[in-house]
Amino acid sequence: MSILVTGAAGYIGSHTCLELLNAGFDVVAFDNFSNSKMESLIRVEKLAARSLVFKQGDVRDRAFLQDLFSKHNITAVIHFAGHKAVGESIRTPLTYYDNNVSGSIALAEVMSEFSVKRLVFSSSATVYDAQNNLQIREDSLLRPINPYGRSKLMIEQIYQDLAASDTQWKIATLRYFNPVGAHESGMIGEDPNGIPNNLMPYISQVAVGRLSELSVFGSDYPTIDGTGVRDYIHVVDLALGHLAALQALKSCSGLITVNLGTGKGCSVLELIRAFEHATGRVIPYHIVERRPGDLATCYADPSLAESLLGWRAKFDINTMCQDAWRWQSKNPQGYGNVSNY
Ligand code: NAD
Ligand code: UD1
Numbered sequence: 590m591s592i593l594v595t596g597a598a599g600y601i602g603s604h605t606c607l608e609l610l611n612a613g614f615d616v617v618a619f620d621n622f623s624n625s626k627m628e629s630l631i632r633v634e635k636l637a638a639r640s641l642v643f644k645q646g647d648v649r650d651r652a653f654l655q656d657l658f659s660k661h662n663i664t665a666v667i668h669f670a671g672h673k674a675v676g677e678s679i680r681t682p683l684t685y686y687d688n689n690v691s692g693s694i695a696l697a698e699v700m701s702e703f704s705v706k707r708l709v710f711s712s713s714a715t716v717y718d719a720q721n722n723l724q725i726r727e728d729s730l731l732r733p734i735n736p737y738g739r740s741k742l743m744i745e746q747i748y749q750d751l752a753a754s755d756t757q758w759k760i761a762t763l764r765y766f767n768p769v770g771a772h773e774s775g776m777i778g779e780d781p782n783g784i785p786n787n788l789m790p791y792i793s794q795v796a797v798g799r800l801s802e803l804s805v806f807g808s809d810y811p812t813i814d815g816t817g818v819r820d821y822i823h824v825v826d827l828a829l830g831h832l833a834a835l836q837a838l839k840s841c842s843g844l845i846t847v848n849l850g851t852g853k854g855c856s857v858l859e860l861i862r863a864f865e866h867a868t869g870r871v872i873p874y875h876i877v878e879r880r881p882g883d884l885a886t887c888y889a890d891p892s893l894a895e896s897l898l899g900w901r902a903k904f905d906i907n908t909m910c911q912d913a914w915r916w917q918s919k920n921p922q923g924y925g926n927v928s929n930y
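Our numbering numbers the first residue of the sequence shown as 590 and each following residue consecutively.
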């Protein structure tokens, strides 16, 4: 009995594969490497001292999926495969709708064909209304403002309809807040292509000398120090949330939607200070204009995750920074430099 992981070689997928292997699950994994490298999963196997089954393939390829389901005894699926860059989704929306939405439909069709109806799906806090400045609950207003976010909401709605049409489906859509950090070994972590869009990998690359200075996008938000506040969550906590969701689905029916966050907001300046404190590095920065599309504050009400999944985040900002730095300093070029292992 195996768990199928789509997009397994990516940032969150690789950490989740490791936690699945550590917990004793057999894992069948695939990725098309559009945003990742095989090296991440090679390291996962080393860390777990166990193998997984890996195939290269695309989630939109029904014949590829049918082959996987016919050859392996898959009992549930964790679905990470998708594109995730907001700016790119605005420039090439059809690519995003095709990859994210069509891929999620193809996956559910083939699962249905093989009567595998337990699914955990990666959604995002980006589906919520950007104007919401309060702690965000799962029933807060939904209003994504870019094609990436809309693709996630569309998939949620498609899966909602699917679960309503057939009571055998058990689906968890997990809305992640801001995943950061890395496995404590420093062997796997986040390896963005080009210049990072997100704050933590940007800070780490400044610290390691790949980038010279951080631009802080706006200091006039109505927040504790004027900079944007987010709910950063350690990627290992997030990975464990998927194991908790898999378990919870055994006794739930239909579709459940759950926030995965810590419930604590942290501003950009607070994160810079925490990183400096955790690593002893100085992060040079200057304040620039707000980034279009950014919101002031976004943090989770994580109480449903605790009551429904029995899960809560346990790592604090200090650990997130230490682990992000361990990964970055051991792998200054990410998986591009594989000679360390
Ligand atoms: P990632 O890009 O590191 O991982 C996604 C993986 O999916 C990559 O390895 C990529 O090569 C693969 N992939 C993409 N399209 C594919 C396809 N058609 N077929 C097979 N594989 C494909 O991203 P991540 O940060 O690990 O995110 C995983 C999921 O979580 C994504 O769906 C993302 O939208 C969602 N999410 C991420 C964040 C975040 O900040 N990292 C936040 C909220 C939600
Ligand atoms: C971004 C995405 C969101 C996605 C999330 C994943 C945008 C508009 N939103 O959200 O859809 O779900 O990543 O984690 O891209 N910041 C700086 N300087 C930087 C980078 C970021 O000051 O170089 C600030 C931002 O203004 C924000 C905070 O840091 O206040 C966090 O930014 P980021 O890591 O990009 O995450 P989100 O904006 O939450």
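By construction, the Cβ of each residue, glycine as well, lies at the ideal position given by its N, Cα and C atoms.
Asked	Found
Identified DSSP bridge partners for Ile663	Ser591
Delimiting residues of the alpha helix (DSSP H) encompassing Ser678	Val675 to Arg680
9 angstroms Cβ cutoff met for Asn624 and Ile679	no
Alpha-carbon spacing of Arg764 relative to Gly830, whole angstroms	11 angstroms
Beta carbon of Thr743 nearer than 9 angstroms to that of Val666	The question names Thr, but residue 743 in the sequence shown is Met. Not in contact: Met743 and Val666 (Cβ atoms no closer than 9 angstroms).
DSSP-derived helix/strand/coil call for Gln836	helix
His672 classed as buried or exposed, judged by whether at least 16 other C-beta atoms fall within 10 angstroms	buried
For Ile669: DSSP bridge partner residues	It is worth fixing the name first, because residue 669 is Phe in this sequence and not Ile. DSSP output for Phe669 lists no bridge partner at all.
Own chain, CB closer than 6 angstroms to Ile813, minus 5 neighbours either side, in chain order	Ser856
Three-state secondary structure assigned by DSSP to Pro736	helix
Reference Pro811; option with closest CA among Thr595, Asp883, Gln911 and Asn621	Asp883
Whole-number beta carbon distance between Ala913 and Gly770, since they are thought to touch under 8 angstroms	5 angstroms
Three-state class that DSSP yields for Lys919 in the structure shown	helix
Nearest neighbour of Ile876, chosen from Leu858, Met789 and Val594 [CA to CA]	Leu858
Alpha-carbon to alpha-carbon, Tyr686 and Tyr737	8 angstroms
Beta-carbon separation (whole angstroms), Val709 vs Ala652, contact threshold 8 angstroms	Contact doesn't hold; Cβ gap of about 24 angstroms is too wide.
Reference Ala674, options Gln836, Lys839, Pro785 and Gly854, closest by Cα	Pro785
Meets three-Cβ-pair contact criterion under 8 angstroms: the region 594 to 610 and the region 625 to 641	yes
Where the alpha helix (DSSP H) through His875 begins and ends	Run containing His875: none in the alpha helix (DSSP H); it sits in the beta strand (DSSP E), Tyr874 to Val877.
beta-carbon Ser711 near the ligand NAD non-hydrogen atom, thresh 8 angstroms	yes
Classification of Gln794 by the beta-carbon crowding that lies within 10 angstroms, buried from 16 upward	buried
Ile631, DSSP secondary structure in three states	helix
Every unbroken beta strand (DSSP E) inside the region 756 to 825 [3 residues or more]	759 to 765, 767 to 769, 803 to 806 and 821 to 823
Within 9 angstroms, strictly: CB atoms of Ile822 and Phe766	yes
Assigned secondary structure, Ala578 (DSSP; H/G/I helix, E/B strand, else coil)	Since the first residue shown for the chain is 590 and the last is 930, residue 578 is missing from the structure and cannot be characterised.
Touch test, the region 694 to 711 against the region 646 to 660, Cβ-Cβ under 8 angstroms, three pairs minimum	yes
Residue environment, Leu593, which counts as buried when at least 16 other CB atoms sit within 10 Å	buried
Rounded straight-line distance, which links the Cα of Leu800 to that of Glu727	37 angstroms
Where the beta strand (DSSP E) through Gly843 begins and ends	Gly843 to Leu849
Whole-Å CB distance - Ala796 paired with Arg862, under 8 angstroms assumed	With 8 angstroms as the limit, Ala796 and Arg862 do not qualify as a contact, their Cβ atoms being about 13 angstroms apart.
Endpoints, the alpha helix (DSSP H) within which Ala863 is located	Val857 to Thr868
Euclidean distance between Cα positions of Lys635 and Arg739	37 angstroms
CB of Asn848 within 9 angstroms of CB of Ala894, strictly	yes
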